[in-house]
Amino acid sequence: MKVTTLLPYFSLFAGLSLLVQAQVDYNEYESYDARNYVDELAERDYFDELTARDLIMDYDIRSELIAELKTRELVEKLQNRLDRKTNLHKRGKGVATKFHKAVSIVSTLPKHGSVQISQADQLFFYKYYMQATVGDNNAHRPAAADFAGRAKWDAWHSVHSVSKEEAEKQYVNKALAILQAAGDKKHVEEIHAA
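Numbering of the sequence shown is given in our numbering, commencing with residue 1 and proceeding in unit increments.
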């Protein structure tokens, strides 16, 4: 065999040996990195364990403080509710109670009695009653063939964004005006007394 025919094999063998050496070096580097990483984890676990204990103690303390604060907040909320109800009871006669009394009177008026309510007034009562009890009209507008439904919807929609309190006041004032115009002192006094 000639040397020239062996040269390509020799260069191939040299290249393979370089690759093997590089792989060995890489594996040693990896194992060194892995050992260092394991050491770092061991150190970190020790510190993590200490940190975890501190966090658990902090969590327990925080939990107790949060529970105490929630209890205080709950007590304050309940006290505020009780104060409001007491004030309402002391004040007694708010617009809401007058509104409910006016609604009960208007809805029980006889059709052929001394107090007659026009269709315009009925729509007025309807729109302010709905605004006070339900809020803004978000329903779809009824079809054109539904005259009564459409008139009610239009009336209610006309008071869009009016507050509950304002709607109650409007209802009570209109009821009082109609009852006073008809000379129905009994019902007027009932509303004022509510």
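We treat Cβ as the ideally placed atom computed from N, Cα and C, and that holds for glycine. Given the structure is predicted, the values throughout are model-derived calculations rather than measurements.
Check: If you follow the alpha helix (DSSP H) that Lys111 is part of, which residue opens it and which one closes it?
Finding: Your numbering for residue 111 matches position 111 in the sequence shown. It is not in any alpha helix (DSSP H) - Lys111 carries neither H nor E in the DSSP assignment.
Checklist line | As assigned by DSSP and simplified to three states, the class of Asp136 | finding: Working through the sequence shown from its first residue, we reach residue 136 at position 136. Coil.
Check: Hey, Tyr171 and Ala120 are a contact pair by Cβ (cut 8 Å); roughly how many whole angstroms apart?
Finding: Taking the sequence shown and counting its residues from 1, one reaches residue 171 at position 171. Taking the sequence shown and counting its residues from 1, one reaches residue 120 at position 120. The pair is not a contact, with the Cβ atoms about 15 Å apart (cut-off 8 Å).
Next item on the list: Ignore the nearest five residues each way along the sequence and tell me which others in Thr97's own chain have a CB closer than 7 Å to its CB.
Entry: Against the sequence shown, residue 97 aligns to sequence position 97. Result list for Thr97: Ala194, in chain order.
Check: Nearest-angstrom Cα distance between His192 and Lys164?
Finding: Your numbering for residue 192 matches position 192 in the sequence shown. Your numbering for residue 164 matches position 164 in the sequence shown. Pairing His192 with Lys164, the inter-Cα distance amounts to about 19 Å.
Next item on the list: With DSSP as the reference, label Ser104 as helix, strand or coil.
Entry: Here residue 104 is taken as the residue at index 104 of the sequence shown, counted from 1. Here DSSP, grouped into helix, strand and coil, assigns Ser104 to helix.
Check: Are the Cβ atoms of Tyr128 and Ala102 separated by less than 7 Å?
Finding: Walking along the sequence shown from the start, residue 128 turns up at place 128. Walking along the sequence shown from the start, residue 102 turns up at place 102. If you check the CB distance, Tyr128 and Ala102 do not come in under 7 Å.
Checklist line | Spatial distance of Lys186 from Asn137 (CA atoms) | finding: One-based indexing of the sequence shown puts residue 186 at position 186. One-based indexing of the sequence shown puts residue 137 at position 137. It is roughly 34 Å from the alpha-carbon of Lys186 to the alpha-carbon of Asn137.
Notebook entry, point to check: CB Val115 to CB Ala182, shorter than 7 Å?
Noted result: As a working mapping, residue 115 is identified with position 115 in the sequence shown. As a working mapping, residue 182 is identified with position 182 in the sequence shown. Contact flag set, yes.
Checklist line | C-beta atoms of Lys169 and Val106 nearer than 7 Å | finding: To locate residue 169, count along the sequence shown from 1; it is residue 169. To locate residue 106, count along the sequence shown from 1; it is residue 106. No, they are not a contact pair.
Checklist line | Leu109 vs Ala155 beta-carbon contact at 7 Å | finding: Along the sequence shown, read from residue 1 onward, the residue named residue 109 stands at position 109. Along the sequence shown, read from residue 1 onward, the residue named residue 155 stands at position 155. The Cβ atoms of Leu109 and Ala155 do not sit closer than 7 Å to each other.
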